[in-house]
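Numbering (the working numbering), first residue to last: 4 to 122.
All C-beta atoms, glycine included, are put in the ideal place defined by N, C-alpha and C.
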Amino acid sequence: YAFSDRTFEGRVEVYKRLGFSVEEVWALFKKPNSVETFLELGFSRDEFVMIVKRYPQCLGLSVETVKKKTEFLVNGMNWPLKAVVSNPAVLGYSLEKRMAPRCNVIKALMSKGLIQGRA
């Protein structure tokens with residue numbers, strides 16, 4: 004991206020009003036791939052802002068990590084994107100050690116009729 008000074012200043016002010024420190028704003032602008040990644044996955048800009056406010060550590064996650072975990076939750080577990088927005092800390096969980104094993108237990112319980120999925 005190439006920002007004009009006016010556009011850049013405007014965006015910085017918006018982030019500062021949202022409660023981000025100057026350091027956090029700089030970190031955000033240094034990681035444009037993070038913003039693009041979330042938008043490519045189907046999140047809106049407003050949803051991205053909510054995710055960052057609720058789980059700022061997501062800005063430190065790699066593009067591959069965000070894609071892999073979001074696709075697992077949305078495609079593998081049928082989560083709506085809004086569930087990720089509501090619970091963005093799941094992006095910080097280990098896929099192999101935490102998310103997949105727990106989701107496999109849920110799938111097994113559902114297949115045996117011991118719990119019901121969303122209607």
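- Of all C-beta pairs linking the segment 80–91 to the segment 47–61, three or more are shorter than 8 Å, placing the two stretches in contact.
- Short of 6 Å from the beta carbon of TRP82, and not among the five residues preceding or following it, lie these beta carbons of its own chain, in chain order: LEU76.
- For ALA92, the closest of VAL66, LEU98, CYS61, THR68 by C-alpha to C-alpha distance is CYS61.
- The residue from LEU21, CYS106, TRP29, SER24 with its alpha-carbon nearest to that of PHE11 is TRP29.
- Excluding five sequence positions before and after SER37, the CB atoms of its chain that fall closer than 7 Å to its own CB belong to LEU62, given in chain order.
- Burial check for LEU21: the Cβ neighbour count within 10 Å stays below 16, so the residue is exposed.
- When C-alpha distances from GLY45 are compared across PRO104, VAL55, MET102, THR73, the shortest belongs to THR73.
- The shortest C-alpha to C-alpha distance from ILE54 to any of SER65, LEU94, ASN107 is the one to LEU94.
- Residue state for MET80 is assigned as coil, using DSSP reduced to three classes.
- In this chain, the alpha helix (DSSP H) harbouring CYS106 covers 103–114.
- Taking a 10 Å sphere around the C-beta of VAL17, we find fewer than 16 other C-beta atoms and assign the residue as exposed.
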